[in-house]
């Protein structure tokens, strides 16, 4: 089992990093506009060798900047009272068609009752999507991903498990290490971002895994019941 490193106030957001990513986005936008203009005035360039690679590289850079920005902002929260079962059901419903295209299935179980929680719904959505995507990438065609949500004594636990390849013994110590990745096109930021989001909410992200036997990632969030009602949940 692995838990993330504590986030200090100084680590929550780096203003220099924010300014840098902002400027890089501006440069990418201006360069992309120039490419659009070239295509408009000279349509024949789209048939040039490697022209499509330029477009692809720009998209890769945009995605990388977005992931870096997500990491930098992951501990900054906009808290509201959230119906977590409804949010989880929505995310699972959104992800299911994409998983079906990968030849994979997804199931969901929500145990009742589940309390309203003070959360940043956008960040929690990002966390869950990251975990589902990670589970999908660890699984092959025919793989199954299971999401569950239930309340313990003082916490609400959100779990994402898969029957994929599991985590090798060599990778165990690097799971939440920023920029460490075994994927050729990965940035190594998905799980670190997820861990920071969980910890910013006063919770933790942990996991269990067996090489070749799948993995289970668990988000444990503290209950916030004051002035709230327990919501009946549905099983799916």
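Numbering (the UniProt record's numbering), first residue to last: 1 to 236. Each residue gets a CB set at the ideal place from its N, CA and C atoms; glycine is no exception.
Legend entry - Length-filtered (3 minimum) beta strand (DSSP E) runs lying within the region 32-111: Listed in chain order, the beta strand (DSSP E) elements of length 3 or more contained wholly in the region 32-111 are 80-82 and 105-110.
Inset, instruction - Count the CB pairs spanning the region 78-91 and the region 112-127 that are closer than 8 angstroms, and state whether there are at least three. - result: Yes, they touch.
Legend entry - C-alpha distance - residue 234 paired with residue 110, whole-angstrom precision: Confidence at residue 234 is low in this model, with a pLDDT of 45, below 50, so the placement of that residue is unreliable and no value is reported for it.
Inset, instruction - Measure the alpha-carbon distance for residue 50 versus residue 59 and round it to whole angstroms. - result: Rounded to whole angstroms, residue 50 and residue 59 show a C-alpha spacing of 14 angstroms.
Inset, instruction - Could you round the C-beta distance between residue 61 and residue 28 to whole angstroms and report it? I think they count as a contact, below 8 angstroms. - result: The pair is a contact, with the Cβ atoms about 6 angstroms apart (cut-off 8 angstroms).
Legend entry - Neighbourhood of residue 142 by C-beta, 8 angstroms cutoff - its chain only, sequence neighbours within 5 removed: Closer than 8 angstroms at Cβ, skipping near neighbours: 103 and 104.
Inset, instruction - Could you check the C-alpha separation between residue 125 and residue 44 for me, to the nearest Å? - result: CA-to-CA, the gap between residue 125 and residue 44 works out to about 42 angstroms.
Inset, instruction - Could you work out which residue in 221, 79, 162 and 191 is closest to residue 211 when comparing CA atoms only? - result: Nearest of 221, 79, 162 and 191 to residue 211, Cα basis: 162.
Legend entry - Span separating the alpha-carbon of residue 88 from that of residue 128: In a straight line, the C-alpha of residue 88 is about 8 angstroms away from that of residue 128.
Inset, instruction - For the alpha helix (DSSP H) containing residue 122, list its first residue and its last residue. - result: Residues 121-137.
Legend entry - Under the three-state DSSP convention, the category residue 116 falls into: Coil, per DSSP.
Inset, instruction - Decide if residue 10 is buried, meaning its Cβ has at least 16 other Cβ atoms within 10 Å, or exposed. - result: Any reading at residue 10 must be qualified, since the residue scores a pLDDT of 44, below 50, and its modelled position is unreliable; the value itself is stated next. So residue 10 counts as exposed.
Inset, instruction - Give me the Cα-Cα distance between residue 223 and residue 154, rounded to the nearest whole angstrom. - result: For residue 223 and residue 154, the gap between their C-alpha atoms comes out near 6 angstroms.
Legend entry - Enclosing alpha helix (DSSP H) for residue 197 [first to last residue]: Residues 190-200.
Legend entry - Three-state secondary structure assigned by DSSP to residue 208: The three-state reading of DSSP puts residue 208 in strand, counting E and B together.
Legend entry - Rounded separation between residue 46 and residue 30 - CA only: Roughly 19 angstroms between the two C-alpha positions.
Legend entry - Spatially closest choice to residue 168 from 74, 214, 120 and 75, by CA coordinates: Taking each of 74, 214, 120 and 75 in turn and checking the Cα distance to residue 168, the smallest one comes out for 214.
Inset, instruction - Using 10 angstroms around the beta-carbon of residue 196, count the other beta-carbons present and answer buried if the total reaches 16, otherwise exposed. - result: It is buried - the Cβ of residue 196 has at least 16 other Cβ atoms within 10 Å.
Inset, instruction - Specify the secondary structure class of residue 302 as computed by DSSP and reduced to three states. - result: The structure shown has nothing for residue 302, since the chain only spans 1 to 236.
Inset, instruction - Closer than 7 angstroms by C-beta to residue 148: which residues in its own chain qualify, once you throw out the five before and the five after it? Chain order, please. - result: The beta carbon of residue 148 sits closer than 7 angstroms to the beta carbons of 109 and 159 from its chain, once the five residues preceding and following it are set aside; these are given in chain order.
Legend entry - Residue span of the beta strand (DSSP E) that contains residue 216, given as start and end: Unbroken beta strand (DSSP E) run through residue 216: 214-222.
Legend entry - Beta-carbon proximity list for residue 91, same chain, < 7 angstroms, skipping 5 on both sides: If we look at residue 91 and ignore the five residues flanking it on each side, its Cβ neighbours are 125, 128 and 129.
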